[in-house]
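The block underneath contains the structure these notes are about, expressed in structure tokens.
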Amino acid sequence: MSIGLLSNLLQFVLRLLGIPIPRFLRASSATYTSLRGPPPIDDPMVAADRLVRQLEEETGAVCVSRVGMSLQQGEIEATGSGPDGSEKRKVLPDFWIGSYKSALEMAKKDIRILCVVLMSEEHQDMQEFRRSVLTDPDLVRVLTDHAIMTWAGDIRDREAYEVAQSLQATTYPFVAFIALQTRGSRSNANSSSSGATRLAVLSRHEGSPLSTTSAPVLQAYIISTLIPRITPLLTRLRNEQRARQAERLLREEQDRAFREAEKKDRERIEKRRAEEQVRLEAEREKRQQAQEASLLVERRDQWRRWARTALVPPESLDGVRIGIRLPDGRRLVRNFNEDSTLEQLYAYVDVQSIPIESPARLHLGSSPPDFIPEWNFRLASTYPRIEIPFVKDARISDVPALQNGANLIAELIRNGISTAEEDTDSEED
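What follows is the structure in structure tokens.
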């Protein structure tokens, strides 16, 4: 018979007789377990999930989170039937599916109590513990109501084996409660004085599920000792955490508001810069157009001074007599030689825009290079109205309306429309 089985048998007999189990028997069981060496390495999450499924299959219960039940009074029972005769389903604590390390990190992060349950198949109390303690409705309700995390492990798995060594478990089942404590307050977890905190083991419970690890004993410890002992500290820590979170959220909101205001200021500056750029560009273009217009006027005036003497022919004593009414109301009468061109006729009308008193009339000037005059008027006979279009190099004698002389009117052109056409359109309207 193996040492482990002999030790378990002796512990069982002593429990039946009500005799306290000597510590050397517990130590011998733990020593035997350690002598076997650690179990093979397994993925902690896989091991945790496998253990939970084994518990559900063995006990016929399911974890609270899997059934989605609220643990109000009377909603769960370990055995028995409900008022309507239907059997109410047994439930297990909501075990943490993950590594022991991740459970510690979550307990620290969420400022919660962590209940660690270690089991060993070599101990004959395991079946009773699983079926009577882990599915006890009152114990499950207390764990759930106080948001106590529960992590369970079987020391046949490597991680649970190492946790057992770390927590100095000597017999099984083994239950430990872990929570944050202020450093230096190992003996008084109720202390809520400010200071750095660390996770610490608050209590260890090991042995028979009929005594030290029974559901009533664990429930009584949680309600009467653990919660009153640790709640003030955890409450303070949660309040501090909420205050830090609120401060962080406020800081983030302020940073977000600052970035938003900075973005709006930047957009406003960029908009003003773009508007200023558009304004400057418009002013530059306006100045350029004004300069071009001024240059055009200068070149046209220069061309008119040249055309007045170089292009307009001297008045003939005979020839074709043509009368012209200008847009300003003046009337000109002049005899043109039959060989005179329409360009000379149009130039004669155009140079009339040079004021009589202007010194430009006294200077011949020269034609600006590459300048082609654009006539801002058109000539037409008065009655019947016949337009005399400009044709370069065409002679007056070639135009039927001018061959025997004519009375013409010079019509200004605005946007491609003559003043006569504008008057006609106005009368029609």
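Numbering (mature numbering (1 follows the signal peptide of the UniProt record, and there is no 0)), first residue to last: -18 to -1, 1 to 411.
Glycine included, C-beta positions come from ideal geometry on N, C-alpha and C.
- In the same chain as Thr132, and ignoring 5 residues on each side of it, the C-beta atoms closer than 7 Å to its own belong to Pro75, Asp76, Phe77, Trp78, Cys97, Val99 and Leu125, in chain order.
- By the C-beta density criterion, Asp332 is buried, having at least 16 other C-beta atoms within 10 angstroms.
- Taken atom to atom, the span from the alpha-carbon of Tyr330 to that of Ile370 is near 15 Å.
- A buried status is given to Ser190, since no fewer than 16 other beta-carbon atoms sit within 10 Å of its beta-carbon.
- Under the three-state reduction of DSSP output, Asp120 falls in the helix class.
- Per DSSP, the beta-bridge partners of Ala161 are Ala182.
- With 16 or more other Cβ atoms from the protein chains shown falling within 10 Å of its own Cβ, Gly135 counts as buried.
- By the neighbour-count definition (other C-beta atoms within 10 Å, threshold 16), Thr364 is an exposed residue.
- Note that the C-beta distance between Val183 and Ala158 is below 8 Å.
- In this structure, the alpha-carbon of Asp24 lies about 24 Å from that of Thr41.
- DSSP links Asn389 through a beta bridge to Gly305.
- Scanning Gln36, Leu384 and Arg123 for the CA closest to the CA of Asn317 turns up Leu384.
- With fewer than three CB-CB distances shorter than 8 Å, the segment 374 to 393 does not count as touching the segment 284 to 295.
- Under the DSSP assignment, Ser84 falls outside any beta strand (DSSP E), being part of the alpha helix (DSSP H) whose first and last residues are Tyr82 to Asp92.
- In terms of Cα proximity to Ala151, the closest of Leu181, Ala178 and Arg186 is Arg186.
- The beta carbons of Glu103 and Arg138 sit about 7 Å from each other, so the pair counts as a contact at 8 Å.
- By DSSP's assignment, Leu74 forms a beta bridge with Cys45.
- About 7 Å separates the CB atoms of Ala197 and Asp120; that is less than 8 Å, so the two are in contact.
- Here Lys72 is buried: its Cβ has 16 or more other Cβ atoms, across all protein chains shown, within 10 Å.
- Classified as buried, Pro26 has 16 or more neighbouring CB atoms from the shown chains inside 10 Å of its CB.
- When beta bridges are read from the DSSP output, Arg230 appears opposite no residue.
- Residue state for Ile370 is assigned as strand, using DSSP reduced to three classes.
- Ranked by how close their Cα comes to the Cα of Asp92, the residues Phe156, Arg224 and Arg165 have Arg224 in first place.
- Its Cα nearest to that of Pro155, the residue Arg112 stands out among Arg313, Gln36 and Arg112.
- Per DSSP, reduced to three states, the secondary structure at Val115 is helical.
- Between Thr217 and the set Ile391, His128, Val115 and Arg32, the nearest pair of CA atoms involves His128.
- Between the alpha carbons of Asp300 and Asp321 lies a distance of about 12 Å.
- At the C-beta level, Phe372 and Leu394 stay beyond 8 Å of one another.
- In its chain, beyond the 5 residues on either side, Trp285 and Trp288 have a beta carbon closer than 6 Å to the beta carbon of Ser349.
- In the displayed model, Ser363 falls within a strand according to three-state DSSP.
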